[in-house]
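Numbering (my numbering), first residue to last: 337 to 439. Notes follow once the structure below has been shown.
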Amino acid sequence: MADLDTARLLPWTGEEDKSYYLVTDGTGSLSRLADTIEAVQLGMAGDLLDHSADLLADHRATSEQLRFLLARMSEALTDGRRIAVSRGARLPMNTDMSADDEA
Numbered sequence: 337m338a339d340l341d342t343a344r345l346l347p348w349t350g351e352e353d354k355s356y357y358l359v360t361d362g363t364g365s366l367s368r369l370a371d372t373i374e375a376v377q378l379g380m381a382g383d384l385l386d387h388s389a390d391l392l393a394d395h396r397a398t399s400e401q402l403r404f405l406l407a408r409m410s411e412a413l414t415d416g417r418r419i420a421v422s423r424g425a426r427l428p429m430n431t432d433m434s435a436d437d438e439a
């Protein structure tokens, strides 16, 4: 059973960009929904990276197209950072620091 003292940052926000947290053992339907949304967000970010390479290589790309791409990249980066923060907060803390760990 997971540590219920650690809240999971969910991959979506509410009104006024308010964060939502879930305290659970990680096996419930809301946890599975969050896992699915994270997977979709990361998949979309990968697709966007592929598209950005093509668009940036196209010398005929307009400033409007590039601005749109930049806005979507910003959204994907925001989602990716949120996922990283959420997953990092759920990693077990290593309190036994040895000399090898500091190198």
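Just so you know, even glycine gets a beta-carbon here, dropped at the ideal spot from N, CA and C.
Rounded Cβ spacing between residue i and residue j (contact assumed at less than 8 Å)
i, j, result
"Gly440", "Tyr357", "The chain is shown from 337 up to 439; residue 440 falls before or after that span and cannot be answered."
Limits of the alpha helix (DSSP H) - the one that residue i falls within
i, result
"Arg408", "Ser399 to Ala425"
Extent of the continuous beta strand (DSSP E) run through residue i
i, result
"Arg368", "Segment Ser365 to Ala393 is the alpha helix (DSSP H) holding Arg368; no beta strand (DSSP E) there."
"Arg396", "Run containing Arg396: none; DSSP gives neither H nor E here."
"Arg349", "As written in the sequence, residue 349 is Thr, which differs from the Arg given in the question. That run of the beta strand (DSSP E) goes Arg344 to Thr349."
Same chain only: Cβ atoms within 8 Å of residue i, ignoring 5 sequence neighbours per side
i, result
"Thr431", "none"
Distance between residue j and residue i (C-alpha atoms, nearest Å)
i, j, result
"Ala420", "Arg426", "10 Å"
"His395", "Ser388", "13 Å"
"Leu369", "Arg403", "31 Å"
Residue i beta carbon near the ligand FMN (any heavy atom closer than 8 Å)
i, result
"Tyr356", "The ligand FMN is absent from the structure shown, which contains no ligands of any kind."
Close-in-space but distant-in-sequence residues of the same chain around residue i (CB under 6 Å, 5 per side omitted)
i, result
"Ala393", "none"
Cutoff 7 Å; reference residue i; Cβ partners in own chain excluding five residues on either side
i, result
"Leu346", "Tyr356, Tyr357, Leu358 and Ala370"
Open item on the list: Does the structure place the stretch 404–424 close enough to the stretch 367–383 that three or more beta carbon pairs sit under 8 Å?
Closed with: yes
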